[in-house]
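K.L.:
Take this structure, written in structure tokens, and hold onto it; I'll ask about it next.
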Ligand code: CTP
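In the working numbering, the protein residues as written are 19 to 432.
Dropping the structure here:
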């Protein structure tokens, strides 16, 4: 993927977090892509990286102090914020995000962010508990409403020894997000719209019980994020999952298969639809209004099941709104390729991504369902492509690239 930021001016704000060291690599990537980088370093940021390293890489002086008369005379905070095509905050700490969400400004970074009329991209980095805290959730939602773009955070090991969401996005991911904002047409799926379903559905039996499938949502969410990283405008329709909404993706939360179908059809038309959700095949014919009580005689209730709508088959039906590329998943425990071929024919989609969910992962624990690895086979009218086992993020990234290649090479039909 070629990313050119020729003649683009980026104002990079480096706040105080351990991830600040990655901002050095980010500057290198940005300048390599042809961009010009000017840096604001907060007081806390200077505890993690030195102005000297930042200015050596950016080739410019580093701005830090709002009360520095020389700086203000040379390039005041208003000019700093207006002279850029994009403001990037990496790392964006919980503190700076809270200030931004509330319009507070008491240093050069926060004042510049409040004074700007340019797009702003933040790359949050913090401890998982801080990321999950109710006040950070509120601030993230507010920043989204204010039109602030966000990349990451990713899930993983943290410098503090904990594990979870809060790791700053990698410099190449931040570069991709910057290119998506500044380089229209430069990303392969720019201008394409995509719909992804993910997670399980829950079919209520009564107000406290439900039927559901096993699904963590990891693969579907990763695919939605990967498509967005390649520039697609992505809507994710997710059943109930324990993982965070992906960034740069609009997420619609649903419970049942019927809700999922309604949400999907209301999003049409789109160019690409990928059904990754583990939709419950059945629901009870009539949901009990009150909790079903145990019968004193010991008789167990009989649930009458009816079939749920098939979302993939509905989206694949010939119609003016049919997405150009419809992809289904087939989680199988035996005869995978044969079942996948049968599903392709039955559902009339363009590709089936088949995976064997009977194989435990290498750690011998949960296998594909809930695990982090996946081995897929793409079954289409052109044959079967078998991929080696990869982690789900990599499967998502490669699948998004494969989709981009499909559009680049074959246009509307393959
Ligand atoms: N799917 C769907 N709506 C349903 C059932 C399945 O959109 N009601 C989609 C899934 O998201 C997946 C594909 O269809 O992309 C295949 O799902 P799977 O459960 O493997 O297939 P089924 O059609 O349910 O067949 P079976 O359970 O008999 O294997």
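Where a beta carbon is used, it is the ideal one built from N, C-alpha and C, also for glycine.
Buried or exposed, going by whether 16 or more other CB atoms sit within 10 Å of the CB of residue 370?
P.N.:
Locating residue 370 in the chain shown gives position 352, counting from the first residue. It is buried - the Cβ of residue 370 has at least 16 other Cβ atoms within 10 Å.
K.L.:
Are residue 254 and residue 289 touching if we call contact CB-CB under 8 Å?
P.N.:
To locate residue 254, count along the chain shown from 1; it is residue 236. To locate residue 289, count along the chain shown from 1; it is residue 271. Not closer than 8 Å, so no.
K.L.:
Find out if the Cβ-Cβ distance for the pair residue 194, residue 247 is shorter than 8 Å.
P.N.:
Translated into positions along the chain shown, residue 194 becomes position 176. Translated into positions along the chain shown, residue 247 becomes position 229. Yes; because the gap between Cβ atoms is below 8 Å, this pair is in contact.
K.L.:
Rounded to the nearest angstrom, what separates residue 20 and residue 286 at their Cα positions?
P.N.:
As a first step, residue 20 is located in the chain shown; it is residue number 2 there, counting from the start. As a first step, residue 286 is located in the chain shown; it is residue number 268 there, counting from the start. For residue 20, the predicted model reports a pLDDT of 46, less than 50, meaning its position is unreliable; a value from the coordinates is still stated below. Roughly 30 Å between the two C-alpha positions.
K.L.:
Which residue wins for smallest C-alpha separation from residue 154, given the options 110, 189, 362 and 341?
P.N.:
Translated into the one-based positions of the chain shown, residue 154 becomes position 136. Considering only alpha carbons, the answer is 110.
K.L.:
Am I right that residue 171 and residue 162 are in contact with their C-beta atoms under 8 Å? What's the rounded C-beta distance?
P.N.:
By one-based count along the chain shown, residue 171 stands at place 153. By one-based count along the chain shown, residue 162 stands at place 144. Not confirmed; about 14 Å, so no contact.
K.L.:
Would you mind stating whether residue 28 and residue 58 have Cβ atoms separated by less than 8 Å?
P.N.:
Locating residue 28 in the chain shown gives position 10, where the first residue counts as 1. Locating residue 58 in the chain shown gives position 40, where the first residue counts as 1. For the pair residue 28 and residue 58, the CB atoms are not nearer than the 8 Å cut-off.
K.L.:
Rounding to the nearest angstrom, what Cα-Cα distance links residue 61 and residue 34 in this structure?
P.N.:
For the purposes of this step, residue 61 is identified with residue 43 of the chain shown, where counting begins at 1. For the purposes of this step, residue 34 is identified with residue 16 of the chain shown, where counting begins at 1. Between the alpha carbons of residue 61 and residue 34 lies a distance of about 7 Å.
K.L.:
Check whether the stretch 229–237 and the stretch 135–147 are in contact - that is, three or more C-beta pairs closer than 8 Å.
P.N.:
The answer is no - the stretch 135–147 does not touch the stretch 229–237, with fewer than three Cβ pairs under 8 Å.
K.L.:
Which whole runs of the alpha helix (DSSP H) in the stretch 272–313 are 4 residues long or more, in chain order?
P.N.:
The DSSP assignment places complete alpha helix (DSSP H) segments of no fewer than 4 residues inside the stretch 272–313 at 275–285, in order along the chain.
K.L.:
For residue 221, does the count of other Cβ atoms within 10 angstroms reach 16, so buried, or fall short, so exposed?
P.N.:
Here residue 221 refers to the residue found at position 203 of the chain shown. The residue is buried, with at least 16 neighbouring Cβ atoms inside 10 Å.
K.L.:
Along the chain, which unbroken stretches of the beta strand (DSSP E) at least 3 residues long are found entirely within the stretch 162–234?
P.N.:
172–175, 181–185, 211–216, 220–222 and 228–230
K.L.:
What does the alpha-carbon distance come out to for the pair residue 206 and residue 190?
P.N.:
Looking up residue 206 in the chain shown gives position 188. Looking up residue 190 in the chain shown gives position 172. Going by the C-alpha atoms only, they are around 16 Å apart.
K.L.:
Could you please give me the residues that DSSP links to residue 408 through a beta bridge?
P.N.:
As a working note, residue 408 is residue 390 in the chain shown. Its beta-bridge partners are 392.
K.L.:
Check whether the Cβ atoms of residue 318 and residue 355 lie closer than 8 Å to each other.
P.N.:
Counting from one through the chain shown, the residue named residue 318 turns up at place 300. Counting from one through the chain shown, the residue named residue 355 turns up at place 337. No; because the gap between Cβ atoms is not below 8 Å, this pair is not in contact.
K.L.:
Measuring alpha carbon to alpha carbon, tell me which of 306, 295, 310 and 360 ends up nearest residue 330.
P.N.:
Translated into the one-based positions of the chain shown, residue 330 becomes position 312. When each option's Cα is compared against that of residue 330, the closest is 295.
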